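Scroll down for the structure; my scribbles are underneath it.
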Amino acid sequence: MSQAPGPDGVLRAKVYCPEQGVLTIERCGIGVEALRAELRQRGQTLLSCQQDRRPSSRSQRFPLLVFCQQLVSLLGAGLQLIEAVDTLAHKENHPGHRDALVRLQQQLRAGLPFSQALASMPDIFPPLLHTAIEASEQTGDVLLALQRFVAHETRLQALRSRLGGALIYPTLLLTLGLLVVAFLLGYVVPRFSVVFEDRIADMPAMSAFVIRMGLWIDAHPGGALAMLGTLAGVVAALALHPALRSQVGSLARHIPWLGEALRHFALIRLYRSLGMLLRAGIPAVSALDMVTGMVPMRDRARILHATESVREGLPISVALQQGGFTTVVSERLLAVGERSGQMGEMLERSADFLDTDLERTLDRAVRLLEPLLMVGIGVLIGGIVALMYLPIFELADSVG
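Residue numbers (the UniProt record's numbering): 1 to 400.
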C-alpha cells in the first residue's frame, strides 16, 4: 500500500462492505491508516489502495442539488429518511458519490440527527444546508427545509447559467476572430512577406512592421509558438491568482453597467442565502455569520461590521443599509419586513426584484457587446489585410 497522500492527493481504495460487497471509493486528503481506522469503525475492511496526486476524470464534485431534489421526492412519497438515503446510495454508480452516501447512511443508522450527519461531512454538505436542517428538526419540517434549499440552489444555478449563457456568443465570436488573426499572422503574412523582403525600407511604418513580423515568424516558427504558449500560460496563471482577480473585480466595479451587474449578482446571493436561513428560524446574527463567506473579499469587512451592529442590537435592515448592502427598492422592502416580522420573505422578494433587473441589464449589455465585437474584429482583420496589400498598390503605382 502507498503512503498517505498530501492535502491535494487522492486515495483510491477497494473496500469490502458486508452489505454491498466490494466497493471502490475515492477519498481526498486522508492517509491510509486514517482510512483503515474509519472503515474499521463502520465494520468494513480495506482490501487495497493506491495514491494519485491528482483526481481522476471520474472524481467529480458531489451533485448536491440533484441529491437534495431526489431526497425531497423520496421523502414526499412517504419514505423514511434512512430508507431514502439508502435508496439513493444503492442507485448511485459513481464510486466517490456512493461512498459519501454510504457514510451518510451509516451516520444516520448510528443515531445521529440528520443535521449532525451532514455537518460531519463538511467537504460535501455546506453549512447553509445542515444549519437549515438543524433548525427545521426542532419543528419537524425537514422536508420543507430541503424544499427551500432546493429552491435556493436552483435559483442561484439559473442565475449563473444566465450569466454564462450571455457570454457564450461573444466568447465564441472573439475566439473565432482571434483564430483568423492568428492564421493571417502565422501563415499568410510570413509567405507574403518574402516577396517584399527587399523593399521594407520604402514601405509605410505599419506595413513594414507587419512584414517584419511575418519574416520573423517564418524564420522562427518554434519561437513564435513558444511566445504564444508563454503568453497564454501567463494569462491563465494571472486569471487564477486570487489577489489579481480581486483587483480586476475592483476595477470592473468602476465600469458603469458591469459594476452594477456584479453588485446585483453579489446582493442576490446574499439575500437568497440570508432569507432562506431566516425563514428556517436561524437567528439573524448566526445567519449573517454564515453568509459572510459568500460576500466578495472586498466587501468582507463591511459585512462583518454589519454583523457586529446586529449583535449590538441594531435592526438587520439598518445594518445592511449602513454597510452598503441595499438598493433603493430592497431598503424599503427590508424596512417592511422588519415591521411585519417577515424579513426572510422580504429578502427573497428583494432578490427576485434584483434578479429581474440583472436579466434586463445582461440583455442590454449583450446586444451592445456583440456588434462592437464584430466591428472590432472586422477592423483588426481588415487592417492586417490592408497593410499586407498596401505594398502591392505602391508597387503598382511605381511601375505605372
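Glycine is no exception: its CB is placed at the ideal position from the N, C-alpha and C atoms.
Note that the structure is a prediction, hence the values are computed from the model and not measured.
- When only Cα atoms are considered, L167 and L173 end up about 10 angstroms apart.
- In this structure, I124 is the residue among Q44, S120, I124 and L274 with its C-alpha nearest to the C-alpha of F67.
- The beta carbons of S161 and E134 sit no closer together than 8 angstroms.
- Contact annotation: the stretch 376–390 does not touch the stretch 284–295, with fewer than three C-beta pairs closer than 8 angstroms.
- When the Cα atoms are used, L358 and A261 turn out to be separated by approximately 6 angstroms.
- Within the stretch 243–297, not a single complete beta strand (DSSP E) segment reaches 3 residues in length.
- Taking the C-beta atoms as reference points, V195 is found no nearer than 8 angstroms to D218.
- Rounded to the nearest angstrom, the Cβ distance from L258 to L354 is 16 angstroms, too far for a contact under 8 angstroms.
- Considering only R311, H305, S350 and L314, the residue with the shortest C-alpha distance to T327 is S350.
- In the DSSP assignment, I211 falls within the unbroken alpha helix (DSSP H) covering A205 to A219.
- Contact between L347 and L274 is confirmed by a C-beta separation of about 5 angstroms, below the 8 angstroms threshold.
- Annotation note: the stretch 120–187 contains no uninterrupted beta strand (DSSP E) run of length 3 or greater.
- When only Cα atoms are considered, V142 and S136 end up about 5 angstroms apart.
- If you draw a straight line from the Cα of L146 to the Cα of R339, it comes to about 28 angstroms.
- The C-beta separation of R279 from G337 comes to about 11 angstroms, leaving the pair out of contact by the 8 angstroms criterion.
- The Cβ-Cβ distance between H94 and R272 does not fall below 8 angstroms.
- Of the residues assessed, G341 falls on the exposed side of the cut-off, its CB having fewer than 16 other CB atoms within 10 angstroms.
- In this chain, the alpha helix (DSSP H) harbouring T87 covers L81 to K91.
- The C-beta distance from L108 to L81 rounds to 7 angstroms, short enough to meet the 8 angstroms contact threshold.
- For I316, the enclosing alpha helix (DSSP H) starts and ends at I316 to Q322.
- Where Q342 is concerned, there is no enclosing alpha helix (DSSP H), because DSSP gives it neither an H nor an E.
- Burial state of S73 is exposed, judged by a 10 Å Cβ sphere holding fewer than 16 other Cβ atoms.
- Q44: not part of any alpha helix (DSSP H); DSSP gives it neither H nor E.
- Bounds of the alpha helix (DSSP H) holding L304 are R300 to R311.
- Following the DSSP letters along the chain, one finds D99 inside the alpha helix (DSSP H) bounded by residues P95 to R109.
- Secondary structure of R12 (DSSP, three-state): strand.
- A distance of 8 angstroms or more separates the beta carbons of L320 and L304.
- Judged by DSSP secondary structure, V72 falls within the alpha helix (DSSP H) whose first and last residues are L64 to G76.
- Straight-line measurement puts the Cα of H90 at about 19 angstroms from the Cα of L39.
- Straight-line measurement puts the Cα of M294 at about 16 angstroms from the Cα of P122.
- Under the DSSP assignment, P190 falls in the alpha helix (DSSP H) whose first and last residues are V189 to S193.
- Spatial neighbours of D86 in its own chain (CB-CB distance under 7 angstroms, excluding positions within 5 residues in sequence) are listed in chain order as Q105.
- Shown here, P18 sits in coil according to DSSP, grouped into three states, outside any helix or strand.
- Shown here, T230 sits in a helix according to DSSP, grouped into three states.
- Distance check between L179 and each of A226, L380, P391 and I392 places L380 closest, using alpha-carbon atoms only.
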